[in-house]
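**Q** This is the structure I want to talk about, given as structure tokens.
Number of protein chains: 2
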Amino acid sequence: MTTVDGRLARGARTRAAVLDRAVAMATEVGLDGLSLAQLADALAVSKSGLFAHWRSKEELQLATIDRARELCTEQIVAPALAHPRGVRRLWALHEARLAFYADAVLPGGCFFASAEFEYSARPGPVRDRLVAVFREWLGLIERLAEEAVRAGELLPDVDVRQLAYEIEGAGLAAVMQSRLLGPDAYPYARRAVLHRLRGVCTDPALLPEA
Amino acid sequence: MTTVDGRLARGARTRAAVLDRAVAMATEVGLDGLSLAQLADALAVSKSGLFAHWRSKEELQLATIDRARELCTEQIVAPALAHPRGVRRLWALHEARLAFYADAVLPGGCFFASAEFEYSARPGPVRDRLVAVFREWLGLIERLAEEAVRAGELLPDVDVRQLAYEIEGAGLAAVMQSRLLGPDAYPYARRAVLHRLRGVCTDPALLPEA
DNA sequence: TAATTGTCCGACCGATCGGTCGTGTTTCCG
DNA sequence: CGGAAACACGACCGATCGGTCGGACAATTA
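Residue numbers (the numbering used here), protein chains in the order written: chain A, 9 to 218; chain B, 9 to 218.
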């Protein structure tokens, strides 16, 4: 066992606290709308102290994206992977996503939905990283769908990209409508994917009733 | 015939030009990220001149939302209403929406998708107006679906709110994915709604093939 | 103990933000 | 012709923006 450097440990702790707060605040005011002074105030640290950890706002934004990705992996992907491979895991991913929104883990709903729209027309490293994360996310849905096909739980002729597109669309609409109109959106998001999966699922017993 | 007041006419002309530009720029940098100085520069007018027409940035933002709604009505809703009532009109609305995105009428894709995510966690008059416009839009989809049911072109037991939710989700995913990943998203958005409508349509001949 | 390293701070910088004010110009009306 | 009205301008305001700099403080290493 190696003794940890107290200085480095403190720095890592501070960085984590800053990034957690940055992720949350970014869902409210945007990743670019995020002000370093406001972020520092919210954490009771000095603004210049932030520059000891990130050399510019853009570096902090990139680190914030990475932290949001981690959070997303912990809270959505990991719980879904706990379910058995196949259509149940695919369904679990969608439900875990909706639960993440409904539980208000982040005040603004979804970090990536907000940030991706914000940067959809703003070229640069931030946009590039957001695109990469989104590709990863869409690829995950496709992979789970593909696994379900290989497991024989989805019809062999199902278009997994098409299916992934529709699941992603249902989830995206959920975070937007739940924030604008209220939680009534969640049942619609559930039924949308549930009906779609039932239509291509070989064993209806693998999916919930309602 | 009454002669128009040249002063008022000039004011109206500049207001229209400013709002058109504001709508376009807002899709790139956000409705809040929009800077009055940048907007004025882009139009070769003075910043203070803007305050002669709107007393504050928020007033201009509200006017910009109204202008974006008009644009949306002209370019998407009106063309759809040219189609015969029923499932064809509902389908035409979805296609007109996708065409609006694909034709890059606005540089950032969709004014409302961007603005609604931007303000989803920011209470105030701007958010309220965005919510109202979105309710209107979702209500339009539902009404067209309801008309299709009454026309006997959709099965009588179809849940129009559910259907509207899924159509909106497919369109929302289209604008986001087309901006992030490229125009490949449009065929997915088309097929998603086409398959869904085919599943509840009484006469398949009313819908296109592909 | 002395030098070094990592963390964090307060003071400060130029640029830009939304917004105000006084003025000039054009157009309409009496 | 002269006043009123609407539009538009440049100069200017305090606040905030991202970012820099020199130094204080604590923990490590030699």
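Ideal Cβ positions, reconstructed from N, Cα and C, are used throughout, including at glycine.
1. Residues in the region 49 to 79 of chain A with C-beta within 8 Å of chain B's C-beta atoms, listed in sequence order?
2. Could you name the residues of chain B that G117 of chain A contacts, counting a contact when the two beta carbons are closer than 8 Å?
3. Under 7 Å, Cβ to Cβ, is there at least one residue of chain A near G94 of chain B?
4. Skipping 5 residues on each side, what residues in its chain have a beta carbon closer than 8 Å to that of G38 of chain A?
5. DSSP state of L205 of chain A, grouped into three classes?
6. So, under 8 Å CB-CB, V85 of chain B and L148 of chain B are touching, yes? Tell me the CB distance rounded to an integer number of Å.
7. How close, in whole Å, do the beta carbons of A200 of chain B and A178 of chain B come, if the pair is a contact with beta carbons under 8 Å?
8. Along chain B, in chain order, which residues have C-beta atoms closer than 9 Å to that of T81 of chain A?
9. Chain A beta carbons: is any one of them nearer than 7 Å to that of E174 of chain B?
10. Tell me the DSSP bridge mates of L162 of chain A?
11. Mind checking T72 of chain B: buried by the 16 CB within 10 Å criterion, or exposed?
12. With a threshold of 7 Å between beta-carbons, can P212 of chain A be considered close to chain B, or not?
13. Please tell me whether G177 of chain A has its Cβ less than 7 Å away from any Cβ of chain B.
14. Counting contacts by CB-CB distance shorter than 7 Å, is E36 of chain A in contact with chain B?
15. So, helix, strand or coil for V141 of chain B, using DSSP?
16. Does the distance from the C-beta atom of L180 of chain A to that of V95 of chain A stay below 7 Å?
17. Does the Cβ-Cβ distance between Q69 of chain B and V134 of chain B come in under 7 Å?
18. Which residues mark the beginning and the end of the alpha helix (DSSP H) in which A104 of chain B is found?
19. I'd like to check one pair, V139 of chain A with A153 of chain A: are the Cβ atoms closer than 7 Å?
20. Would you identify the three-state DSSP class for F119 of chain B, choosing helix, strand or coil?
21. By Cβ distance, which residues of its chain are closer than 7 Å to P115 of chain A, with the 5 residues on each side in sequence left out?
22. Can you pull the chain A neighbours of G19 of chain B, defined as C-beta to C-beta under 8 Å?
23. Who are the Cβ neighbours of H203 of chain A in its own chain at under 6 Å, not counting the five residues just before and after it?
24. Could you tell me if G117 of chain A is buried or exposed, where buried requires 16 or more neighbouring beta carbons within 10 angstroms of its beta carbon?
25. In the DSSP assignment, find the alpha helix (DSSP H) that holds L78 of chain A and state where it starts and stops.
26. Can you pull out the residues from the region 131 to 159 of chain B whose beta carbon lies closer than 9 Å to at least one beta carbon of chain A?
27. Taking its Cβ as the centre, do 16 or more other Cβ atoms sit within 10 Å of L101 of chain B, making it buried, or is it exposed?
28. For S122 of chain A, would you say it is in contact with chain B, using Cβ-to-Cβ distances shorter than 7 Å as the test?
29. Straight-line CA distance for Q170 of chain B to E150 of chain B?
30. Kindly indicate if chain A contains any beta-carbon less than 7 Å away from that of A104 of chain B.
31. Do L47 of chain A and A30 of chain A count as a contact pair if the criterion is CB distance below 7 Å?
32. According to DSSP, simplified to helix, strand and coil, what is L171 of chain A?
33. I need the DSSP call for F125 of chain B, collapsed to helix, strand or coil.
34. Roughly how many angstroms lie between the CA atoms of A20 of chain B and L27 of chain B, to the nearest whole one?
35. Among A:R97, A:E67 and A:F142, which has the Cα closest to the Cα of L189 of chain B?
**A** Quick look at the numbers:
1. none
2. S128 and A129
3. no
4. S122, A123 and E126
5. helix
6. 7 Å
7. 4 Å
8. Near T81 of chain A there are no residues of chain B at all, since even the closest Cβ is about 20 Å away, more than 9 Å.
9. yes
10. A:C209
11. buried
12. no
13. yes
14. yes
15. helix
16. no
17. yes
18. V95 to A110
19. no
20. helix
21. A32, T35 and E36
22. The premise fails here: G19 of chain B is roughly 30 Å from chain A at the closest Cβ pair, so nothing lies under 8 Å.
23. none
24. buried
25. Looking at the sequence shown, residue 78 of chain A is not Leu but Glu. Its alpha helix (DSSP H) spans residues K65 to C80.
26. R135, L138, V139, F142, R143 and L146
27. buried
28. yes
29. 9 Å
30. no
31. yes
32. helix
33. helix
34. 10 Å
35. A:F142
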